[in-house]
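First to last, the sequence lines map onto chains A and B. Numbered by the UniProt record's numbering, the letters in the first sequence go through residues 1 to 447 in order. Numbered by the UniProt record's numbering, the letters in the second sequence go through residues 1 to 255 in order. Even for Gly, the Cβ is constructed at its ideal location relative to N, Cα and C. This structure is a prediction, so every number in the text was calculated from the model and none was measured.
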Amino acid sequence: MANQVSIPLYQKLLDGFDGKFAIEQKAEPDALRQARQKALENFRKSGFPTTRVEDWKYTNVIPFLKEDYALQDKAKAGAALAHAVEAATIEDLDSYRIVLLNGQLQETATDEKLPDSISIRPMAEAKQEATFLNYFGKGTDVEKHHFAALNTAMFTDGLLIEVKANASIDKPLHIIHAFSSENNLFVQPRHLIVLHRSAALSIVESVVTDSSAAKIFVNSLTEVVVEENANLNHYTLQTAKKGLRQLQHTEVNQKRDSVYSNYTFSLPEAELLRNNLHVNLDDEHTESHLYGLYLGADQQLLDNHTFMNHQKAHCESNEVYKGVLLDKAVGVFNGKVFVQVDAQKTNAFQQNNNLLLSPTATINSKPQLEIFADDVKCSHGSTIGQLSQEAMFYLQSRGIGEDSARAMLVSAFAFDVTEKIKIPELEAHINNLITHHIPANQELIKA
Amino acid sequence: MLSIKNLHADVEDKKILKGIDLEVKAGEVHAIMGPNGSGKSTLSSVLAGRENYVVTEGEVQFEGKDLLDMAPEVRAREGLFLAFQYPVEIPGVSNINFLRTALNEIREYRGLPALEAKEFLKLTKEKQKLVEFDAKLINRSLNEGFSGGEKKRNEILQLAMLEPKLSILDETDSGLDIDALRIVSNGVNKLRSENNAFVIITHYQRLLEYIVPDYVHVLYDGRIVKSGTKELALELEERGYDWLKETYPVTENAR
Ligand SMILES: Nc1ncnc2c1ncn2[C@@H]1O[C@H](COP(=O)(O)OP(=O)(O)OP(=O)(O)O)[C@@H](O)[C@H]1O
Ligand SMILES: [Mg+2]
Numbered sequence: 001m002a003n004q005v006s007i008p009l010y011q012k013l014l015d016g017f018d019g020k021f022a023i024e025q026k027a028e029p030d031a032l033r034q035a036r037q038k039a040l041e042n043f044r045k046s047g048f049p050t051t052r053v054e055d056w057k058y059t060n061v062i063p064f065l066k067e068d069y070a071l072q073d074k075a076k077a078g079a080a081l082a083h084a085v086e087a088a089t090i091e092d093l094d095s096y097r098i099v100l101l102n103g104q105l106q107e108t109a110t111d112e113k114l115p116d117s118i119s120i121r122p123m124a125e126a127k128q129e130a131t132f133l134n135y136f137g138k139g140t141d142v143e144k145h146h147f148a149a150l151n152t153a154m155f156t157d158g159l160l161i162e163v164k165a166n167a168s169i170d171k172p173l174h175i176i177h178a179f180s181s182e183n184n185l186f187v188q189p190r191h192l193i194v195l196h197r198s199a200a201l202s203i204v205e206s207v208v209t210d211s212s213a214a215k216i217f218v219n220s221l222t223e224v225v226v227e228e229n230a231n232l233n234h235y236t237l238q239t240a241k242k243g244l245r246q247l248q249h250t251e252v253n254q255k256r257d258s259v260y261s262n263y264t265f266s267l268p269e270a271e272l273l274r275n276n277l278h279v280n281l282d283d284e285h286t287e288s289h290l291y292g293l294y295l296g297a298d299q300q301l302l303d304n305h306t307f308m309n310h311q312k313a314h315c316e317s318n319e320v321y322k323g324v325l326l327d328k329a330v331g332v333f334n335g336k337v338f339v340q341v342d343a344q345k346t347n348a349f350q351q352n353n354n355l356l357l358s359p360t361a362t363i364n365s366k367p368q369l370e371i372f373a374d375d376v377k378c379s380h381g382s383t384i385g386q387l388s389q390e391a392m393f394y395l396q397s398r399g400i401g402e403d404s405a406r407a408m409l410v411s412a413f414a415f416d417v418t419e420k421i422k423i424p425e426l427e428a429h430i431n432n433l434i435t436h437h438i439p440a441n442q443e444l445i446k447a
Numbered sequence: 001m002l003s004i005k006n007l008h009a010d011v012e013d014k015k016i017l018k019g020i021d022l023e024v025k026a027g028e029v030h031a032i033m034g035p036n037g038s039g040k041s042t043l044s045s046v047l048a049g050r051e052n053y054v055v056t057e058g059e060v061q062f063e064g065k066d067l068l069d070m071a072p073e074v075r076a077r078e079g080l081f082l083a084f085q086y087p088v089e090i091p092g093v094s095n096i097n098f099l100r101t102a103l104n105e106i107r108e109y110r111g112l113p114a115l116e117a118k119e120f121l122k123l124t125k126e127k128q129k130l131v132e133f134d135a136k137l138i139n140r141s142l143n144e145g146f147s148g149g150e151k152k153r154n155e156i157l158q159l160a161m162l163e164p165k166l167s168i169l170d171e172t173d174s175g176l177d178i179d180a181l182r183i184v185s186n187g188v189n190k191l192r193s194e195n196n197a198f199v200i201i202t203h204y205q206r207l208l209e210y211i212v213p214d215y216v217h218v219l220y221d222g223r224i225v226k227s228g229t230k231e232l233a234l235e236l237e238e239r240g241y242d243w244l245k246e247t248y249p250v251t252e253n254a255r
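What follows is the structure in structure tokens.
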């Protein structure tokens with residue numbers, strides 16, 4: 001294990017687990033308590049990952065953990081919350097909207113009655129239920145993943161979302177994850193989303209903060225279960241302000257004939273965003289789509305690690321991640337496609353394209369194919385490029401100003417991803433955000 | 001309208017234009033002919049403001065203003081239009097969105113309000129008809145996967161939409177079949193007026209039967225070596241360009 005002495009948070013967490021936290025857990029079901037204990041032992045052994053751990057080679061998370069984080073928030077409700085919620089607004093989007101503050105469901109900020117076929121409960125209550133115990137922790141490898149172990153050991157709250165069999169939810173569920181605190185905060189939400197047989201749902205998750213000076217580290221873990229023939233469109237928009245550092249682990253398990261589509265948009269200004277997206281195809285005839293767009297500015301560190309785990313035959317996966325990097329931003333893409341021995345007739349496609357718009361920006365792109373079955377169709381590709389000077393000149397020669405021309409070309413670059421968004425209001429929103437973040441009057445590199 | 005005096009320009013330290021003089025007045029059509037590599041596209045690129053072309057001597061006035069001092073988009077907003085010899089394909093930018101943005105930025109520069117969606121569509125329809133531009137292409141990505149002829153027609157559609165004062169057509173006729181040639185030249189003829197002017201770069205006298213020029217110039221080795229009326233084009237078609245090599249030996253290119 002790496003030396004954790006320089007990270008007071010490590011010891012603080014371990015002490016916390018044995019102290020107050022242990023008392024609170026007394027009432028939890030045995031299975032959960034055992035899982036927590038086991039995960040904690042893993043974390044105690046592994047500590048936080050340094051860059052010597054292969055999966056963290058390009059992302060040094062240690063400096064982000066050295067703040068003096070409190071494990072309890074002093075939340076600034078009221079105005080700060082309203083401000084954060086405002087920031088998450090998607091114009092003209094007709095949705096069911098719920099709001100969480102530091103991982104806790106805010107009853108007051110939740111509008112409109114949900115249909116009976118969908119149920120949303122705070123994790124604090126739901127963890128006693130059979131549904132939770134039935135699905136919790138399945139597929140999430142707490143031996144390998146440091147932060148997943150820590151979350152499992154010490155998560156406090158979050159949501160359990162369940163859609164009944166055969167139910168199609170008419171409007172997207174917009175979940176606003178607001179984070180706000182007066183003190184530096186380390187917070188660990190945990191969510192479980194279950195779509196029962198033949199259910200259909202679209203979720204839009206927005207991660208936002210108010211512009212407080214406090215540093216907030218979010219170690220969140222979401223488990224998603226897409227049962228037979230169910231269909232989930234899962235959108236995540238990361239638009240938090242400076243001060244937020246987040247590790248988002250998403251563990252998806254797909255059953256037969258199900259379709260799961262993930263769309264991850266990592267945008268300014270959060271200092272660190274590390275997304276671990278794991279999709280386990282547990283059954284035959286599934287379809288998965290992973291679309292991602294990371295647009296980094298300033299000194300952002302945006303890291304997307306995806307893991308497509310083909311375990312059974314006749315499954316299809318399609319992955320397109322696009323990166324745009326400005327200023328001194330650093331992007332990391334690591335896409336692993338794993339095709340196990342039994343996963344014959346797999347179709348797996350992966351593509352990662354990057355636009356470096358500043359000479360001081362960096363991208364580390366690493367596609368990884370590991371194939372153990374012999375009758376499969378797999379492909380992957382990775383590119384790094386600059387804005388085309390020819391295209392810029394063509395647009396400018398028609399009267400289009402340099403700034404708009406650049407924004408048009410960046411939007412065009414992102415098009416392969418944005419066109420896949422199935423909610424028009426959301427697509428327009430993302431396109432506006434892209435345009436908004438491409439800076440004016442700046443000399444960008446062209447080729 | 002356009003006044004070019006003693007224009008010298010380099011590309012990558014290579015002298016390409018070696019003293020061009022050209023006067024174009026409103027209402028006129030000028031044709032520029034000349035062998036491959038003589039500098040015709042370089043001249044149009046320099047006028048449109050392409051990067052990497054360095055003007056080393058001379059000046060260009062456009063409507064009394066210093067053209068060379070303007071950014072490419074400002075030249076366009078002032079009324080200069082270049083139909084590219086090789087139009088660029090831009091995947092992900094829709095043709096229609098591109099046209100709307102261009103038109104509205106030009107209008108804004110001229111102090112006009114942006115066109116309402118309805119007016120814009122009406123205008124687009126009208127101009128589309130003028131150049132017989134396939135409606136299906138208008139929503140596609142800009143020039144992506146267009147045939148050669150479709151790209152050229154798209155250039156003329158843009159020209160028709162943006163209504164420039166001075167249009168430079170760089171080999172818009174090359175590679176067009178006879179129908180496309182007729183369509184493109186009809187378009188240009190309908191757009192011709194007292195107030196605008198055209199510079200048509202071409203290798204073929206054929207086009208000049210459709211668009212009759214007031215003047216024909218021969219560009220050779222970075223200079224206009226001969227000017228005349230439309231009869232000159234016929235003569236060039238018959239004689240070719242070999243005689244130029246004897247009359248005007250090539251000067252040193254390296255700087
Ligand atoms: N970007 C460039 N880099 C290097 N050389 C260039 C560049 N652009 C043009 N040249 C050179 O400048 C000379 C003139 O080229 P230009 O394209 O202007 O000729 P042209 O008269 O338009 O020819 P064509 O009839 O073939 O279109 C050629 O020798 C060409 O190779
Ligand atoms: Mg040329």
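| field | Neighbourhood of A207(A) by C-beta distance below 6 Å, restricted to the same chain and skipping five residues each side | value | Reading off the sequence shown, one finds Val at residue 207(A), where the question assumed Ala. Here the set comprises H177, Q238, A240.
| message | Applying the 10 Å Cβ sphere with the 16-neighbour rule, what's the burial state of G39(B)? | response | buried
| request: Report yes if the C-beta of E54(A) is less than 8 Å from at least one heavy atom of ligand 2; otherwise report no. | output: Judged by the Cβ position, E54(A) fails to qualify as a neighbour of ligand 2 at the 8 Å threshold, every heavy atom of the ligand being at least this far.
| request: Within 10 angstroms of the Cβ of M310(A), are there 16 or more other Cβ atoms? Answer buried if so, exposed if not. | output: The sequence shown places His at residue 310(A), not Met. The residue in question, H310(A), is buried, as its Cβ has 16 or more Cβ neighbours within 10 Å.
| said: For A391(A) and S382(A), I'd like the C-alpha separation in whole angstroms. | reply: 22 Å
| request: Could you tell me if the beta carbon of I201(B) falls within a distance shorter than 8 Å of some heavy atom in ligand 2? | output: yes
| If we count Cβ pairs, one from each stretch, closer than 8 Å, do we get three or more for the region 54 to 66 of chain A versus the region 153 to 165 of chain A? | no
| message | Considering only heavy atoms of ligand 2, does any lie closer than 8 Å to the CB of K40(B)? | response | Between ligand 2 and K40(B), a heavy atom-to-CB distance of less than 8 Å is present.
| query | How many whole angstroms separate the CB atoms of F217(A) and T236(A), which I take to be in contact at a CB cut-off of 8 Å? | reply | That belief does not hold up - the Cβ atoms of F217(A) and T236(A) are roughly 18 Å apart, past 8 Å.
| said: When you measure from the CB of K14(B) to every non-hydrogen atom of ligand 1, does any distance come out below 8 Å? | reply: Yes, Cβ of K14(B) sits closer than 8 Å to a heavy atom of ligand 1.
| Sufficient close CB pairs (3 or more, under 8 Å) joining the region 154 to 162 of chain A to the region 47 to 58 of chain A | no
| task | Could you name the residues of chain A that A197(B) contacts, counting a contact when the two beta carbons are closer than 8 Å? | result | Those within 8 Å of A197(B) in chain A number zero; the least Cβ separation is about 18 Å.
| message | Taking CB distances under 9 Å as the criterion, tell me whether I98(A) reaches chain B. | response | no
| task | Taking only heavy atoms of ligand 4 into account, decide whether any of them is closer than 8 Å to the Cβ of L43(B). | result | Ligands in the displayed structure: ligand 1 and ligand 2; ligand 4 is not one of them.
| task | Check whether the Cβ atoms of Q128(A) and P189(A) sit closer than 9 Å, and answer yes or no. | result | no
| query | Using DSSP with H/G/I as helix, E/B as strand and the rest coil, what is E24(A)? | reply | Residue state for E24(A) is assigned as helix, using DSSP reduced to three classes.
| message | If the cut-off is 9 Å on Cβ atoms, which residues from the region 374 to 406 of chain A count as contacting chain B, listed in chain order? | response | When C-beta distances to chain B are compared with 9 Å, the residues of the region 374 to 406 of chain A below that value are S388, Q389, E390, A391, M392, F393, Y394, L395, Q396, S397, R398, G399, I400, G401, E402, S404, A405, in chain order.
| query | At a cut-off of 8 Å, is E390(A) close to ligand 2 when judged by its beta-carbon and the heavy atoms of the ligand? | reply | no
| field | When V324(A), L173(A), Q396(A), Q106(A) are compared against R97(A), the one with the closest alpha-carbon | value | L173(A)
| Classification of L201(A) by the beta-carbon crowding that lies within 10 angstroms, buried from 16 upward | By the 16-neighbour rule on beta-carbons within 10 angstroms, L201(A) is buried.
| Of all the residues that make up the region 132 to 147 of chain B, which are near chain A by a beta-carbon distance shorter than 7 Å? | none
| task | Indicate whether D170(B) and S185(B) have their beta-carbon atoms separated by less than 9 Å. | result | no
| With distances taken from CA atoms, which of N184(A), L195(A), I203(A) is nearest A213(A)? | N184(A)
| field | Anticipated Cβ contact below 8 Å, A297(A) with A329(A), distance rounded | value | 6 Å
| field | Contacts that A412(A) makes with chain B (C-beta to C-beta distance below 7 Å) | value | I90, P91, G92, V93, listed in chain order.
| Should F120(B) be flagged as near chain A, meaning a C-beta pair shorter than 9 Å? | no
| request: With DSSP as the reference, please indicate the residues paired to P367(A) in a beta bridge. | output: G335(A)
| message | Can you tell me where the alpha helix (DSSP H) holding E59(B) begins and where it ends? | response | That residue, E59(B), is in no alpha helix (DSSP H); its beta strand (DSSP E) goes 53 to 62.
| Reference Y263(A); option with closest CA among N280(A), N233(A), D283(A), Y394(A) | With distances taken between Cα atoms, Y263(A) lies closest to N233(A).
| Using a threshold of 8 Å, is the CB atom of E155(B) nearer than that to any non-hydrogen atom of ligand 2? | Distance from the C-beta of E155(B) to the nearest heavy atom of ligand 2 is not below 8 Å.
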